[in-house]
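Asks: So that we are looking at the same thing, I have put the structure below in structure tokens.
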Amino acid sequence: MDTVTQEKRSEIMSRIRSRDTKPELLVRRRIFAAGWRFRVCDKRYPGHPDVVVPGAHTLIEVRGCFWHRHGCSKCSTPKSNIEFWQAKWERNLARDRRHEAEWRKLGWNVIVVWECALAAVRREETLTDVCRALDLWKSEGPLPRKRPHRLVLPRRS
Ligand SMILES: [Zn+2]
706 MDTVTQEKRS EIMSRIRSRD TKPELLVRRR IFAAGWRFRV CDKRYPGHPD VVVPGAHTLI
766 EVRGCFWHRH GCSKCSTPKS NIEFWQAKWE RNLARDRRHE AEWRKLGWNV IVVWECALAA
826 VRREETLTDV CRALDLWKSE GPLPRKRPHR LVLPRRS
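In terms of the working numbering, the sequence shown opens at residue 706 and continues consecutively.
Structural data, given as structure tokens:
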């Protein structure tokens, strides 16, 4: 039995679709359209970074705000099993820090894109910033470089 109207149903479906849009995919689609070629989850680097853009000597990490404790409004804290969650988050954060330090030691520029930077209201700004950074860093020549760049988006949460 169909209890919702056609209109209501398509509204529900469109909400589900946009919620299911993977943040990494948004980034990958945009930089591909801008002409960048990249590798995904590259096993040659510690932590298998989400996106590797050799042409700009840059690794891009897309981080879920909840799992990696961004501190923004998407970081709700569960009511139960607090100790379990706390331990899990600490491990995640330690891993993030360790991998990023290793990438920078290898001379890679790093862009961290938090999930909330891809919310509809600031998605365009974020993706433009990513492309702009890649263009800028491309011209700086190959690795290794002593001081790789680091860009975190959103610039403020
Ligand atoms: Zn966030």
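Glycine residues also receive a C-beta, built at the ideal position from the N, C-alpha and C atoms. Every value quoted in this text rests on a predicted model; they were computed, and no experiment measured them.
Just checking C777 against ligand 1 - is the residue's beta carbon closer than 7 Å to any of the ligand's heavy atoms?
Replies: Within the cutoff, so yes.
Asks: Between the Cα of R852 and the Cα atoms of E795, G760, E807, which residue gives the shortest distance?
Replies: Out of E795, G760, E807, E807 has the C-alpha closest to the C-alpha of R852.
Asks: Can you look up L811 in the DSSP assignment and give me helix, strand or coil?
Replies: The answer is coil: DSSP assigns L811 none of H, G, I, E or B.
Asks: R805 by DSSP, collapsed to three states: which one?
Replies: The question names Arg, yet the displayed sequence has Glu at residue 805. Here E805 sits in helix by DSSP.
Asks: Which whole runs of the alpha helix (DSSP H) in the segment 725-753 are 4 residues long or more, in chain order?
Replies: Taking only runs of at least 4 residues, the alpha helix (DSSP H) segments lying wholly in the segment 725-753 are 728-738.
Asks: Does any heavy atom of ligand 1 sit closer than 7 Å to the C-beta of E729?
Replies: E729 Cβ: outside cutoff for every heavy atom of ligand 1.
Asks: Inspect the CB distances between the segment 816-834 and the segment 786-798 and report whether three or more fall short of 8 Å.
Replies: The segment 816-834, when compared against the segment 786-798, does not touch it at the 8 Å Cβ threshold.
Asks: Pick helix, strand or coil for T831, following the three-state DSSP scheme.
Replies: Reduced to three states, the DSSP call for T831 is helix.
Asks: Do you know whose CA, among E766, C770, Q791, lies nearest D747's CA?
Replies: Cα-wise, what sits closest to D747 is E766.
Asks: Count the other C-beta atoms from every protein chain shown that fall within 10 angstroms of the C-beta of V757, then say buried if there are 16 or more, exposed otherwise.
Replies: Counting Cβ neighbours within 10 Å, V757 comes out buried, since at least 16 surround it.
Asks: Comparing alpha-carbon positions, which option in P728, R733, N797, G760 lies nearest K843?
Replies: For K843, the nearest C-alpha among the options comes from G760.
Asks: With N814 and H762 assumed to form a contact (beta carbons below 8 Å), what rounded beta-carbon distance in angstroms separates them?
Replies: Confirmed, about 6 Å.
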